[in-house]
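Trainee: Mapping of the sequence shown onto our numbering: position 156 corresponds to residue 238, and the numbering continues sequentially without gaps. C-beta: ideal position from N, C-alpha, C; glycine also.
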Amino acid sequence: MVDKVERPAAREDTAISALSRQQPETQRDELTLDRIRAAAGRLAGVAHRTPLLSSATLDEQAGATVLLKAEMFQRGGSFKFRGAYNRLSLLGPAERERGVVAYSSGNHGGAVALAARLLGIHAVVVVPATGSPAKLAAIEGYGAEIRRYDPAAQRREEVAAQIAADRSLTIIRPFDDYDVMAGQGTIGIELAEQAGELDLVLVPVGGGGLCAGVGTAIRALRPGVSVIGVEPEAADDTRQSLRAGRRVSIAPPATIADGLLAEQPGELTFAVNSRLLDDVVTVPETAIADAMRFCFARLKIVAEPSGAVPLAALLTGAVRPRARTAVVLSGGNVDPVTFAALVSPAAA
Numbered sequence: 083m084v085d086k087v088e089r090p091a092a093r094e095d096t097a098i099s100a101l102s103r104q105q106p107e108t109q110r111d112e113l114t115l116d117r118i119r120a121a122a123g124r125l126a127g128v129a130h131r132t133p134l135l136s137s138a139t140l141d142e143q144a145g146a147t148v149l150l151k152a153e154m155f156q157r158g159g160s161f162k163f164r165g166a167y168n169r170l171s172l173l174g175p176a177e178r179e180r181g182v183v184a185y186s187s188g189n190h191g192g193a194v195a196l197a198a199r200l201l202g203i204h205a206v207v208v209v210p211a212t213g214s215p216a217k218l219a220a221i222e223g224y225g226a227e228i229r230r231y232d233p234a235a236q237r238r239e240e241v242a243a244q245i246a247a248d249r250s251l252t253i254i255r256p257f258d259d260y261d262v263m264a265g266q267g268t269i270g271i272e273l274a275e276q277a278g279e280l281d282l283v284l285v286p287v288g289g290g291g292l293c294a295g296v297g298t299a300i301r302a303l304r305p306g307v308s309v310i311g312v313e314p315e316a317a318d319d320t321r322q323s324l325r326a327g328r329r330v331s332i333a334p335p336a337t338i339a340d341g342l343l344a345e346q347p348g349e350l351t352f353a354v355n356s357r358l359l360d361d362v363v364t365v366p367e368t369a370i371a372d373a374m375r376f377c378f379a380r381l382k383i384v385a386e387p388s389g390a391v392p393l394a395a396l397l398t399g400a401v402r403p404r405a406r407t408a409v410v411l412s413g414g415n416v417d418p419v420t421f422a423a424l425v426s427p428a429a430a
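This is the structure:
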């Protein structure tokens, strides 16, 4: 049996509602609702206003109303487009002329490549030589220049910094940038508009930019709502850091959630999330695959492992749902072979 997927009215899955493009800029050393609203104005007509889905089976199982923010329907297949486009749109004429460099083997690289193409900016994306051919092809398909590095011998940040210095390019960081966070925070604005009353929001945590952006918007618009981050058990740098009261580095994680492989929270994101998050919980690898399988079987949507992590927390009971609970499914970029292996009955 396939659950009914409740989708919003047609206008809700076209583009972000037109918020004023004339919002005053906030200071560059803080993340505020005004800054996120300004980002929403830049994204209006460019980024999609992604749908809010529901499942009768999930509601019954959770004993609550669960609303799924489906970012796999965003341009580029993930939430990352929001932050990348917002950051690039703020570049000055000289910076646009010179171009940008990003480091990523996945969603951030693709998002920067797509945003750069739309804005007429040359982009270089630093990728591991061992990266997924499908993801690298997607990045290159958007017109970006690919620069490969050896992850066993080089750090991607250092490779990108050297390229930036040699060619006077602007580095577009994947999460530790207030304007990137502000772009991701537009999800929080949409959630507040689409869902109305909320009690709890679950967000996946990698470097922490998505959590920081969504949390900032939700806490400003719905002050009583709890925000909980979710990480894979094998990549719990944010949970460890929050408990220690400082940023903690972990060994390179091994998890199927390849978009949540941060070894340490960002300096800026950690400061924001330390104030915003009620908790960070973790889920095992099997639970992540189960959540992907649920999305496919019940909702007929493809959630990548990283995107399914917060739903896994709900399905396993790692988080107790509240009356109206929102889950951010952050993306759907997973190659077909990996997806089939994870969601097939034999993998259960």
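Taking Ile254 and Ala166 to be in contact with their CB atoms under 8 angstroms, please state how far apart those CB atoms are, rounded to whole angstroms.
Mentor: The count along the sequence shown starts at 1 and reaches residue 254 at position 172. The count along the sequence shown starts at 1 and reaches residue 166 at position 84. Rounded, the Cβ-Cβ distance is 7 angstroms, consistent with contact.
Trainee: Compute the Euclidean distance between the alpha carbons of Pro90 and Leu135, then round it to the nearest angstrom.
Mentor: Start at 1 with the first residue of the sequence shown, and residue 90 comes out as number 8. Start at 1 with the first residue of the sequence shown, and residue 135 comes out as number 53. Because the pLDDT at Pro90 is just 41, under 50, the model does not fix this residue reliably, and the value given afterwards should be weighed accordingly. Approximately 8 angstroms between the Cα atoms of the pair.
Trainee: Given a cut-off of 7 angstroms, decide if Val209 and Arg230 are closer than it, judged by their beta-carbon atoms.
Mentor: Position 148 of the sequence shown, counting from 1, holds the residue named residue 230. Position 127 of the sequence shown, counting from 1, holds the residue named residue 209. Yes, they are a contact pair.
Trainee: Could you compute how far the alpha carbon of Ser308 sits from the alpha carbon of Leu358?
Mentor: The residue given as residue 308 occupies position 226 in the sequence shown. The residue given as residue 358 occupies position 276 in the sequence shown. Going from the Cα of Ser308 to the Cα of Leu358 covers about 9 angstroms.
Trainee: What residues match up with Val285 in a beta bridge as DSSP calls it?
Mentor: As a working note, residue 285 is residue 203 in the sequence shown. According to DSSP, which records beta bridges pairwise, Val285 is partnered with Gly311.
Trainee: Check whether the segment 267-286 touches the segment 172-180, counting contact only when three or more Cβ pairs, one atom from each stretch, lie closer than 8 angstroms.
Mentor: Short answer: they don't touch.
Trainee: Does Leu187 pass the burial test, meaning 16 or more other C-beta atoms within 10 Å, or should it be called exposed?
Mentor: As a first step, residue 187 is located in the sequence shown; it is residue number 105 there, counting from the start. Correcting the residue type first, residue 187 is Ser in the shown sequence and not Leu. The residue is buried, with at least 16 neighbouring Cβ atoms inside 10 Å.
Trainee: Jot down the residue ranges of each uninterrupted alpha helix (DSSP H) in the segment 361-389, minimum 4 residues, whole runs only, in chain order.
Mentor: Here the runs fully enclosed are 367-376.
Trainee: How close, in whole Å, do the beta carbons of Leu284 and Ala395 come, if the pair is a contact with beta carbons under 8 angstroms?
Mentor: Residue 284 sits at position 202 when you count from the first residue of the sequence shown. Residue 395 sits at position 313 when you count from the first residue of the sequence shown. 6 angstroms between Cβ atoms; contact.
Trainee: Measuring straight from C-alpha to C-alpha, what distance separates Gly413 and Ala385?
Mentor: Indexing the sequence shown from 1 puts residue 413 at position 331. Indexing the sequence shown from 1 puts residue 385 at position 303. So the two alpha carbons sit approximately 6 angstroms from each other.
Trainee: Count the other C-beta atoms from every protein chain shown that fall within 10 angstroms of the C-beta of Gly327, then say buried if there are 16 or more, exposed otherwise.
Mentor: By 1-based counting over the sequence shown, the position of residue 327 is 245. Per the 10 Å Cβ criterion, exposed.
Trainee: Can you find the residues in the same chain that come closer than 7 angstroms, C-beta to C-beta, to Gln109, ignoring five residues on each side of it along the sequence?
Mentor: For the purposes of this step, residue 109 is taken as the residue at position 27 of the sequence shown. Summary for Gln109: the model assigns pLDDT 41, below 50, so the residue's position carries little reliability, and this model does not support an answer.
Trainee: Do Ile118 and Ala333 count as a contact pair if the criterion is CB distance below 7 angstroms?
Mentor: In the sequence shown, counting from the first residue as 1, residue 333 sits at position 251. In the sequence shown, counting from the first residue as 1, residue 118 sits at position 36. No, these two residues do not count as a Cβ contact at 7 angstroms.
Trainee: Please tell me whether Ile383 and Cys377 are closer than 7 angstroms, where the distance is taken between their beta carbons.
Mentor: Counted from its first residue, the sequence shown places residue 383 at position 301. Counted from its first residue, the sequence shown places residue 377 at position 295. Yes, the Cβ-Cβ distance between Ile383 and Cys377 is below 7 angstroms.
Trainee: With a 10 Å radius around its C-beta and 16 neighbouring C-beta atoms as the bar for buried, classify Thr268 as buried or exposed.
Mentor: Here residue 268 refers to the residue found at position 186 of the sequence shown. Thr268 should be labelled buried.
Trainee: Taking 8 angstroms as the limit between beta carbons, can you name the residues of its chain near Asp417, skipping five residues before and five after?
Mentor: Start at 1 with the first residue of the sequence shown, and residue 417 comes out as number 335. Ser214, Ala216 and Lys217, listed in sequence order.
Trainee: Counting only the same chain and skipping the five closest in sequence on each side, list residues whose C-beta sits under 6 angstroms from that of Ala302.
Mentor: The residue you call residue 302 lines up with position 220 of the sequence shown. Here the set comprises Leu115.
Trainee: Looking only at its own chain, which residues have a Cβ that is under 7 angstroms from the Cβ of Thr398, when we skip the five neighbours before and after it?
Mentor: Here residue 398 corresponds to residue number 316 of the sequence shown, with the count starting at 1. Once the five neighbours on either side are set aside, the close Cβ partners of Thr398 are Val365 and Ala369.
Trainee: When the Cβ atoms of the segment 335-349 are set against those of the segment 310-319, are three or more pairs found closer than 8 angstroms?
Mentor: The answer is yes - the segment 310-319 touches the segment 335-349, with three or more Cβ pairs under 8 angstroms.
Trainee: Per DSSP, Tyr231 is paired with what?
Mentor: If you number the sequence shown from 1, residue 231 lands on position 149. Pro210.
Trainee: Measuring straight from C-alpha to C-alpha, what distance separates Arg404 and Glu153?
Mentor: Locating residue 404 in the sequence shown gives position 322, counting from the first residue. Locating residue 153 in the sequence shown gives position 71, counting from the first residue. Near 22 angstroms, if we compare the C-alpha coordinates of Glu153 and Arg404.
Trainee: Leaving aside the five residues before and after Asp360 along the sequence, list all residues of the same chain whose C-beta is less than 8 angstroms from its C-beta, in chain order.
Mentor: As a working mapping, residue 360 is identified with position 278 in the sequence shown. So the qualifying residues of the chain are Ser308, Val309 and Ile310.
Trainee: Applying the 10 Å Cβ sphere with the 16-neighbour rule, what's the burial state of Ala344?
Mentor: By one-based count along the sequence shown, residue 344 stands at place 262. So Ala344 counts as buried.
Trainee: Nearest to Asp258 by alpha carbon, out of Gly159, Pro305, Val354 and Ala247?
Mentor: For the purposes of this step, residue 258 is identified with residue 176 of the sequence shown, where counting begins at 1. The candidate whose alpha carbon is nearest that of Asp258 is Val354.
Trainee: Among Ala205, Asp232 and Ala144, which one has its Cα closest to the Cα of Ala246?
Mentor: Within the sequence shown, residue 246 is the residue found at index 164, counting from 1. The residue with the shortest Cα to Cα distance from Ala246 is Ala205.
Trainee: Give the secondary structure of Gly327 by DSSP, where H, G and I count as helix, E and B as strand, and everything else as coil.
Mentor: Along the sequence shown, one-based indexing puts residue 327 at 245. Correct three-state label for Gly327: coil.
Trainee: On the three-state DSSP scale, how would you describe Ile338?
Mentor: Locating residue 338 in the sequence shown gives position 256, counting from the first residue. Of the three classes helix, strand and coil, the one that applies to Ile338 here is coil, per DSSP.
Trainee: Taking DSSP as the reference, what is the three-state secondary structure of Ala246?
Mentor: As a first step, residue 246 must be located in the sequence shown, where it is residue number 164. Helix.
Trainee: Rounded C-beta distance between Gly289 and Gly202? I'm assuming under 8 angstroms.
Mentor: One-based indexing of the sequence shown puts residue 289 at position 207. One-based indexing of the sequence shown puts residue 202 at position 120. 28 angstroms between Cβ atoms; not a contact.
Trainee: For Val296, collect the residues of the same chain with a Cβ closer than 8 angstroms to its Cβ; drop the 5 residues on either side in sequence, then sort them by chain order.
Mentor: Indexing the sequence shown from 1 puts residue 296 at position 214. Same-chain partners within the cutoff: Gln266, Gly267, Ile269, Gly270, Leu273, Val283, Val285, Val309 and Val410.
Trainee: Based on the DSSP secondary-structure assignment, which residues constitute the bridge partners of Leu172?
Mentor: Walking along the sequence shown from the start, residue 172 turns up at place 90. For Leu172, which the question treats as bridged, DSSP gives no partner whatsoever.
Trainee: Can you check DSSP and say which residues form a bridge with Val409?
Mentor: Within the sequence shown, the letter at position 327 stands for residue 409. Partner(s): Leu150 and Leu284.
Trainee: Is the beta carbon of Arg169 less than 7 angstroms from the beta carbon of Val262?
Mentor: Locating residue 169 in the sequence shown gives position 87, where the first residue counts as 1. Locating residue 262 in the sequence shown gives position 180, where the first residue counts as 1. Yes, they are a contact pair.
Trainee: Please list, in chain order, all residues of the same chain as Gly192 whose beta carbon is under 6 angstroms from its beta carbon, the five residues on each side excluded.
Mentor: Your numbering for residue 192 matches position 110 in the sequence shown. So the qualifying residues of the chain are Gly158, Ala220 and Ile221.
Trainee: Please determine, among Val425, Ala294 and Gln346, the residue with the shortest C-alpha to C-alpha distance to Ala373.
Mentor: As a first step, residue 373 is located in the sequence shown; it is residue number 291 there, counting from the start. If we check each option's Cα against that of Ala373, Val425 comes out closest.
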